[in-house]
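A.B. asks: Sending over a structure as structure tokens; questions will come in a sec.
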Amino acid sequence: MGLDSYRFSISWPRILPKGKLSGGVNKAGIKYYNNLINELLANGIKPFVTLFHWDVPQALDTEYGSFLSPKIATQKGIIGITIACHWFVPHSNTPEDKGAAKRSLDFLYGWFMDPVVYGQYPNSMRAIVGRRLPKFTKEESAFIKGTYDFIGVNYYTTFYAINLPKSNITNPSYTTDSLATLTSDRNGVLIGPQAGSPWLHVYPKGFREVLLYTKFKYNNPVIYITENGD
212 MGLDSYRFSI SWPRILPKGK LSGGVNKAGI KYYNNLINEL LANGIKPFVT
262 LFHWDVPQAL DTEYGSFLSP KIATQKGIIG ITIACHWFVP HSNTPEDKGA
312 AKRSLDFLYG WFMDPVVYGQ YPNSMRAIVG RRLPKFTKEE SAFIKGTYDF
362 IGVNYYTTFY AINLPKSNIT NPSYTTDSLA TLTSDRNGVL IGPQAGSPWL
412 HVYPKGFREV LLYTKFKYNN PVIYITENGD
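In my numbering, the protein residues as written are 212 to 441.
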């Protein structure tokens, strides 16, 4: 394929089954990753390692609630956040559908990006969700703002966004709050060729739009493309 880098995850419990050095080290796990890294380097491929990919050792989760705990270790590494982001195209040129596309982006991407860049949730989320959306204290806002060294972007596809008029919904949720309906076709024409998965449609322009949006909306951060494909 001609690639010069390879991203993989090092499973925390595979190396430290009980979460800590004091609980013992799995030497077979270390050998596996050493062999993998050595083979990559021998073939001129740069390892790009994810140290945490949703696999907290059960022992730590039982001990202190893992990442639900407010206890955070002080460290000097380069820290980033990886976010899955689709792109959204207005289904029509009406102001309503343009607003739906913007809200969809706010609710999927801005939900995470706005707090770490600006210290608050997007205005659209605060206006629509209201009291159901937790509020940052001044201290929390100041603490979280700027807490990243890079942004990882996972992009796979793009959707058309259709405005959904606000109504009295009995059980409001994330899927209804954005006031948008998403679809992959417009007037019977798909937004792009269907990929291997039914929900995936190839739309390369959306990838470029996500990157440009991130650059200009979020102060030109360092960006790593951490996932992409069909």
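We treat Cβ as the ideally placed atom computed from N, Cα and C, and that holds for glycine.
Spatial neighbours of Ile290 within its chain, please: CB distance less than 6 Å, with the 5 preceding and 5 following residues excluded, ordered by chain position.
C.D. replies: Here residue 290 refers to the residue found at position 79 of the sequence shown. Result list for Ile290: Asp360, in chain order.
A.B. asks: When the Cα of Thr425 is compared with those of Ala253, Glu307 and Gly321, which residue comes out closest?
C.D. replies: Indexing the sequence shown from 1 puts residue 425 at position 214. For the residues Ala253, Glu307 and Gly321, the minimum Cα distance to Thr425 belongs to Gly321.
A.B. asks: Pull up the CB-CB distance for Leu318 and Ser389, whole angstroms please, since I reckon it's below 8 Å.
C.D. replies: Numbered from 1 along the sequence shown, position 107 holds the residue referred to as residue 318. Numbered from 1 along the sequence shown, position 178 holds the residue referred to as residue 389. The sequence given here has Phe at residue 318, not Leu. That belief holds up - the Cβ atoms of Phe318 and Ser389 are roughly 4 Å apart, short of 8 Å.
A.B. asks: Going along the chain, which residues of its own chain have a beta-carbon closer than 7 Å to the beta-carbon of Ser352, five neighbours each way excluded?
C.D. replies: Locating residue 352 in the sequence shown gives position 141, where the first residue counts as 1. Taken in chain order, the residues that qualify are Gly330 and Gln331.
A.B. asks: Name the DSSP bridge partner or partners of Pro209?
C.D. replies: Since the displayed the chain opens at 212 and closes at 441, residue 209 lies outside it and no answer follows.
A.B. asks: How far does the alpha helix (DSSP H) with Leu251 in it extend, from its first residue to its last?
C.D. replies: Residue numbering aside, residue 251 sits at position 40 when the sequence shown is read from its first letter. Lys238 to Ala253 is the span of the alpha helix (DSSP H), which, as asked, contains Leu251.
A.B. asks: Please report how far the alpha carbon of Val433 lies from the alpha carbon of Arg337, in whole angstroms.
C.D. replies: Start at 1 with the first residue of the sequence shown, and residue 433 comes out as number 222. Start at 1 with the first residue of the sequence shown, and residue 337 comes out as number 126. So the alpha carbons of these two residues sit roughly 27 Å apart.
A.B. asks: For Ile290, does the three-state DSSP call read helix, strand or coil?
C.D. replies: What you label residue 290 is simply residue 79 of the sequence shown in a count that begins at 1. It is coil, neither helix nor strand.
A.B. asks: Is Val260 near Phe278, with beta carbons less than 8 Å apart?
C.D. replies: Locating residue 260 in the sequence shown gives position 49, counting from the first residue. Locating residue 278 in the sequence shown gives position 67, counting from the first residue. No, the pair does not count as a contact, with Cβ atoms beyond the cut-off.
A.B. asks: For Gly363, tell me which candidate among Leu252, Lys313 and Leu422 has the shortest Cα-Cα distance.
C.D. replies: As a first step, residue 363 is located in the sequence shown; it is residue number 152 there, counting from the start. The shortest C-alpha separation from Gly363 is found at Leu422.
A.B. asks: Please confirm whether Ser216 and Lys257 have their CB atoms less than 8 Å apart.
C.D. replies: Taking the first residue of the sequence shown as position 1, residue 216 is located at position 5. Taking the first residue of the sequence shown as position 1, residue 257 is located at position 46. The answer is yes: Cβ separation under 8 Å.
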